[in-house]
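Numbering-wise, the sequence shown is residues 3 to 141 according to the working numbering. Backbone N, C-alpha and C define an ideal beta-carbon position, used for all residues, glycine too. All figures in this text were calculated on a predicted structure; none of them were measured in a lab. Working notes, beginning with the structure itself.
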Amino acid sequence: FVQLPRKHQALLLEGAAQLVFAKVSLKIRPLGVVLADANTARARGTNRPGRADIDRCAELVQAAARHLPVPTSCLSRSLALQMMLRRRGIDSTMQIGVRTGDSALEAHAWVEYEGTAVGESNEKVRAFSAFDRAARATR
């Protein structure tokens, strides 16, 4: 931690705080409300950071998740990242998708910026049918 630049230390701490907030929100609020808040939170400002800055936020949320004393899910990590990006004026979108696995339905949550996944491979998320994309396809 102390070897990180101060800016990254602050992002790591913010990521940890957002993860805790996301976990608590998911426990005490209806999922639909939490998701609506995440995707409709106004992107403050007109910040257009580089993709490297956006990916750094994702890396630091992942790092914070690894060091929390409780496990985190892709949903709580995505919520934390979404809120961090929105606070920086970055117009990202949180996605939730499903796919059929070997013997069960699998779900995954991720964040997209300008149509590409943040913090994970596009190949992985393409395997999932995002709810909003599925809804648009049936209209």
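Counting along the chain, residue 37 sits inside the alpha helix (DSSP H) bounded by residues 33 to 42. For residue 20, the enclosing alpha helix (DSSP H) begins and ends at 8 to 30.
Here residue 86 has 13, 16, 17, 20, 59 and 63 as same chain residues with Cβ atoms under 8 Å from its own Cβ, once five neighbours each way along the sequence are excluded. In summary, residue 53 is exposed, with fewer than 16 beta-carbon neighbours lying within 10 Å of its beta-carbon over all protein chains present. The distance from the Cβ of residue 94 to that of residue 120 is about 7 Å, consistent with a contact at the 8 Å cut-off. When the Cα atoms are used, residue 131 and residue 37 turn out to be separated by approximately 17 Å. As for any beta strand (DSSP E) of minimum length 3 sitting wholly inside the stretch 61 to 121, the runs are 95 to 102, 107 to 115 and 118 to 120, ordered along the chain. Close CB contacts of residue 41 within its chain, under the 7 Å cut and outside five residues either way in sequence, are with 95 and 96 (chain order). Look at residue 54 here: in three-state DSSP terms it is helix.
Short of 8 Å from the beta carbon of residue 102, and not among the five residues preceding or following it, lie these beta carbons of its own chain, in chain order: 108. By the neighbour-count definition (other C-beta atoms within 10 Å, threshold 16), residue 69 is an exposed residue. For residue 127, the uninterrupted alpha helix (DSSP H) segment begins and ends at 124 to 128. Put simply, the backbone Cα of residue 31 is about 13 Å away from that of residue 81. Counting the other Cβ atoms within 10 Å of the Cβ of residue 34 gives fewer than 16, which makes it exposed.
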